[in-house]
Amino acid sequence: MPSWTKFDASVIEKTHGNIFYYRSLYEGKHSEIFPRAKELIAKGEIIDNIMYGTERAKNVQTPYLVANICKLIPEIPAMLVSRSIGNIQSSLSPDDFQTENINQETDELVDEPRDEVSRIIHVQQEIINQIQKNSNLAFEHWGNILQQQVDGGLVGVPWNDELGLRLEFKARDVYYPHDNGLGVDLAYEIEIDDEEYLHVYREEVKDGDLHTKHMLYILNEQRKTEEVPEDEAKKLLDMKELEKVYLGRGRPFVIYWPNEKTFMNPLGTSCLKGQDGKQDEINWTLTRNAITFERNGKPRIAVSKEVMQALMEKAHERYGDESKIDHRDLEVTTFDDQGKALEVIQIDITKIGDIQWVKDLMKLMLMETKTSEKVVDFYMDKTTATGAQSGVAKFYDLFTSLIKAEQIQSEYIYFLQQLIESALWLANYNDDAVVIEEPEIMLKSMIPISRKELIEENKMAFEGANDIPTQSLETTLRRNNPNASEEWIREEIARIEAEKSGDDSFSLMNGRQTLQQFMGNRDADGNPVQDDE
Numbered sequence: 001m002p003s004w005t006k007f008d009a010s011v012i013e014k015t016h017g018n019i020f021y022y023r024s025l026y027e028g029k030h031s032e033i034f035p036r037a038k039e040l041i042a043k044g045e046i047i048d049n050i051m052y053g054t055e056r057a058k059n060v061q062t063p064y065l066v067a068n069i070c071k072l073i074p075e076i077p078a079m080l081v082s083r084s085i086g087n088i089q090s091s092l093s094p095d096d097f098q099t100e101n102i103n104q105e106t107d108e109l110v111d112e113p114r115d116e117v118s119r120i121i122h123v124q125q126e127i128i129n130q131i132q133k134n135s136n137l138a139f140e141h142w143g144n145i146l147q148q149q150v151d152g153g154l155v156g157v158p159w160n161d162e163l164g165l166r167l168e169f170k171a172r173d174v175y176y177p178h179d180n181g182l183g184v185d186l187a188y189e190i191e192i193d194d195e196e197y198l199h200v201y202r203e204e205v206k207d208g209d210l211h212t213k214h215m216l217y218i219l220n221e222q223r224k225t226e227e228v229p230e231d232e233a234k235k236l237l238d239m240k241e242l243e244k245v246y247l248g249r250g251r252p253f254v255i256y257w258p259n260e261k262t263f264m265n266p267l268g269t270s271c272l273k274g275q276d277g278k279q280d281e282i283n284w285t286l287t288r289n290a291i292t293f294e295r296n297g298k299p300r301i302a303v304s305k306e307v308m309q310a311l312m313e314k315a316h317e318r319y320g321d322e323s324k325i326d327h328r329d330l331e332v333t334t335f336d337d338q339g340k341a342l343e344v345i346q347i348d349i350t351k352i353g354d355i356q357w358v359k360d361l362m363k364l365m366l367m368e369t370k371t372s373e374k375v376v377d378f379y380m381d382k383t384t385a386t387g388a389q390s391g392v393a394k395f396y397d398l399f400t401s402l403i404k405a406e407q408i409q410s411e412y413i414y415f416l417q418q419l420i421e422s423a424l425w426l427a428n429y430n431d432d433a434v435v436i437e438e439p440e441i442m443l444k445s446m447i448p449i450s451r452k453e454l455i456e457e458n459k460m461a462f463e464g465a466n467d468i469p470t471q472s473l474e475t476t477l478r479r480n481n482p483n484a485s486e487e488w489i490r491e492e493i494a495r496i497e498a499e500k501s502g503d504d505s506f507s508l509m510n511g512r513q514t515l516q517q518f519m520g521n522r523d524a525d526g527n528p529v530q531d532d533e
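Sequential numbering from 1 applies to the sequence shown in full-length UniProt numbering.
Okay, structure coming up:
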C-alpha cells in the first residue's frame, strides 16, 4: 500500500499517467499543449485571444483556430447513455420488507416529519429514493460518464454522515489501489486554516472484515508529508472516530469504473489517447489556411508610377508624410496611355486551404474512437431532402456510436448498482431494518422517439402474442411515463385495476344487480323478502 511520504504531480502521474494532458485536450486548451501552436504564438505569427490578447501579434491578426473534435468524442456517448438512465427501483416488494422492524433509525434515513415514526408504504424504495436525492443523482449521470471517458476511469464512494446517506463521484486521480488487491486509498489535498494537508481515506480487507481509517498529513513546501497525531486529526477533520470495522464485508465500499480496461492498463485509458496528433494537425491546417487568407484574401490595388507619385505628393502636402495616402484620392483619377490608371488584384480564395485533408483527419478520429459520422451531422450533403428520418433509419445511422454507448451503459448500470449496494451496507451497519440489495435501474431509449411510437411499442409488449403478455402493467406504465413519481405510478395502477374490476361477465350476462339482490334478498330488518303471489 502507498506510504505517503510525499504528494505531488509525480505521484499522480506514476499511478494515473498524464490525465491532466487529456483534460486540456478535451477543454480545448490546445495552445498550451501543442508545440507548433506555442512556437507561433511566441513569434507573434498567431494569437490566442483568450490567453494573450491581440497585442501579442506582430505580423498579422490571425487567431489560433481550434476545431475541437476531442470534445465531441467523449460527449456523444455521455449524451446517449445519460438520457437513457431512468428511475432506480428496489427489487423487493413492500410485502418482502420487514415493516415490523422499522424504527427511529430507519425513519432518520428518510426526509419525513420527526415528531413520530412516519408511516411509509415502501420503506426500502423510500431509502433508495433518499440516496438519489442526497446525491443529486439526476444531475450527475452526464458528468460521470464524460469524466470517465476523458480520464479513463471514475471513482464512486458511499458516505453516511450529517449530509445523509449518499453517493459521491470523484476523478480518478484520488484513487490509489493496494498492490495486494485487498484495499484502496483515496487521497485528497485539502486546506485547513491556511495550511495544506493530505487527507487519506483507507479501506482494507482483513480476515474477511472491512477496516476503514482516516489519516491526515501536513504538507511542507517540498511536498513532503508528516502525519498528524490522531487526536489533532479528529479535531481538524471534525470526526469523533477515525477507524471503523464492518464485519462480514469482504470487499471495499469504494468502486472504481475503468474505461477500456486491459492487462496493460488495468486502471483504464482515456478515450482521447492517440488522438492528439491528429487534433494538432487539424488545428494547424485551419490556422495555416487562416494566415494565408489573412495575407492574400484582401483586395489589393495596383497603380502606375505617375499616379503613385501624385498620391505621395498630395499626402505630403496634406499631412507632411508621403506614406499617409488617403483612399479618397483614388476615387477620381486619370487614365494612362494604355487606358489604365489603377487595377484591383485579388486571388481566388477558394483555392486556399486543405479542407478535404481536415475532413479526412476528422473522419479518422471518429473511426478510431468508434463514433458514427452521422451523430455529429458532419456530412450534411448526404441527408435527405426533407431531413426527416424514421427511428429505424436513425438507429442504423448511429449504429457504431450506439454499440459503444450500450457497452458503456451496461458498465455504468453495474457501477451504480454496486455503489447503492455499498450505501445500503453503510445504512445496515446502524439499522438492521435496512435490506442490502442491488436495485433495478430502469432504462429509456437512447434515441428520441415520438410519443405515439413509445406507446405503441409498450402496448404491443403488454398485450403480447397469443394473449400472453411479455411485460407487466407496472413496467408498461413506467416506460410510457419515465419521469412519473412512485406515488403517481401506484395510484395509476390502482385506478386501472379498479376500473377493470368494476364489472364482471357474470353480472353483465344476468343483468345489473338490484338493491334487493345486493342486500341478499332481505329487507332493512334482515327478513327474507317474499314475492307477492
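Backbone N, C-alpha and C define an ideal beta-carbon position, used for all residues, glycine too.
Original post:
Is N458 helix, strand or coil by DSSP?
Top reply: helix
Subject >> Close Cβ partners of T400 (< 8 Å) along its chain, the five nearest in sequence each way excluded >> reply: K370, T371 and S372
Original post:
So, helix, strand or coil for W4, using DSSP?
Top reply: The three-state secondary structure of W4, taken from DSSP, is coil.
Subject >> Selection from E204, I441, E168 and Y175 that minimises the alpha carbon distance to G250 >> reply: E204
Subject >> Beta-ladder partner(s) of V155, from DSSP >> reply: K170 and Y256
Original post:
In chain order, what residues of the same chain lie with their CB nearer than 6 Å to the CB of N160, ignoring the 5 residues before and after it?
Top reply: So the qualifying residues of the chain are L426.
**OP:** Could you pull out every residue in the same chain whose Cβ sits closer than 6 Å to the Cβ of A78, ignoring the five residues on either side in sequence?
**Re:** W142, I145 and L146
**OP:** Rounded to whole angstroms, what's the CA-CA distance from A9 to I19? Just pull it up for me.
**Re:** 11 Å
Original post:
Going by C-alpha distance, which of L247, L40, E168 and V228 is nearest Y429?
Top reply: Checked all of L247, L40, E168 and V228; the closest Cα to Y429 is L247.
Original post:
How about G152 and G268: do their beta carbons lie closer than 8 Å?
Top reply: yes
Original post:
Hey, which unbroken runs of the beta strand (DSSP E) at 3 residues or more fall wholly within the segment 216-283?
Top reply: Runs of the beta strand (DSSP E) inside the segment 216-283: 225-227, 243-246 and 255-258.
Subject >> Rounded straight-line distance, which links the Cα of I131 to that of E487 >> reply: 17 Å
Original post:
What are the boundary residues of the beta strand (DSSP E) that includes Q89?
Top reply: I85 to Q89
**OP:** Let me know the secondary structure DSSP gives residue 582 once reduced to three states.
**Re:** Nothing in the structure corresponds to residue 582, since the chain is present only between 1 and 533.
**OP:** Would you mind giving the Cβ-Cβ distance between P36 and W284, rounded to the nearest angstrom? I have them listed as a contact below 8 Å.
**Re:** This sequence places Arg at residue 36; Pro is not what is there. Rounded, the Cβ-Cβ distance is 6 Å, consistent with contact.
**OP:** Taking all protein chains shown into account, decide if A138 is buried (16 or more other Cβ within 10 angstroms of its Cβ) or exposed.
**Re:** So A138 ends up on the exposed side.
Original post:
What are the boundary residues of the alpha helix (DSSP H) that V307 is part of?
Top reply: K305 to Y319
Subject >> Where T285 falls: helix, strand or coil (DSSP) >> reply: helix
**OP:** Kindly indicate which three-state DSSP category P469 falls into: helix, strand or coil?
**Re:** coil
Original post:
How would you label P266, buried or exposed, when you count the other beta carbons within 10 angstroms and need 16 or more for buried?
Top reply: exposed
Subject >> Beta-carbon proximity of N259 to Q148, cut-off 8 Å >> reply: The answer is yes: Cβ separation under 8 Å.
**OP:** Go through its chain and collect everything with a Cβ distance to M215's Cβ below 6 Å, but skip five positions before and after it.
**Re:** V200
**OP:** Determine the direct distance from the alpha carbon of I413 to that of S135, and round the result to whole angstroms.
**Re:** If you take the alpha carbons of S135 and I413, they lie about 16 Å apart.
Subject >> Euclidean distance between Cα positions of I420 and I128 >> reply: About 8 Å.
Original post:
Would P252 pass as a contact of L210 if the rule is Cβ separation under 8 Å?
Top reply: yes
Original post:
Taking the C-alpha atoms as reference points, what is the distance between L65 and E317?
Top reply: 44 Å
Subject >> Inter-residue Cα distance where the pair is residue 538 and R451 >> reply: Nothing can be reported for residue 538: it is not among the residues displayed for the chain, which extend from 1 to 533.
Original post:
Would you call the CB atoms of K444 and G86 closer than 8 Å?
Top reply: yes
Original post:
Would you call R328 buried or exposed, if buried means 16 or more other Cβ atoms sit within 10 Å of its Cβ?
Top reply: exposed
Original post:
Alpha carbon to alpha carbon, what distance is there between L219 and T5?
Top reply: 10 Å
Subject >> Supposed contact pair L186 and Y26 - C-beta distance, whole angstroms, cut 8 Å >> reply: At roughly 23 Å, the Cβ-Cβ gap does not stay under 8 Å, so Y26 and L186 are not in contact.
**OP:** Compute the minimum distance between the beta carbon of I355 and the heavy atoms of the ligand ADP, and state whether it is under 7 Å.
**Re:** In the structure shown, the ligand ADP is absent, as is every other ligand, since no ligand is present at all.
**OP:** Would you mind reading off the limits of the beta strand (DSSP E) that contains L198?
**Re:** Going by DSSP, L198 is part of the beta strand (DSSP E) stretching over E195 to K206.
Original post:
Going straight from the alpha carbon of L424 to that of G156, what length do you get?
Top reply: 14 Å
**OP:** List the endpoints of the continuous alpha helix (DSSP H) containing E499.
**Re:** E486 to K500
**OP:** Might you give, ordered along the chain, the residues of its own chain that have their beta carbon closer than 8 Å to the beta carbon of L40, omitting 5 neighbours on each side?
**Re:** Counting only Cβ-Cβ distances below 8 Å, and skipping sequence neighbours, we find I46, Y64 and T287.
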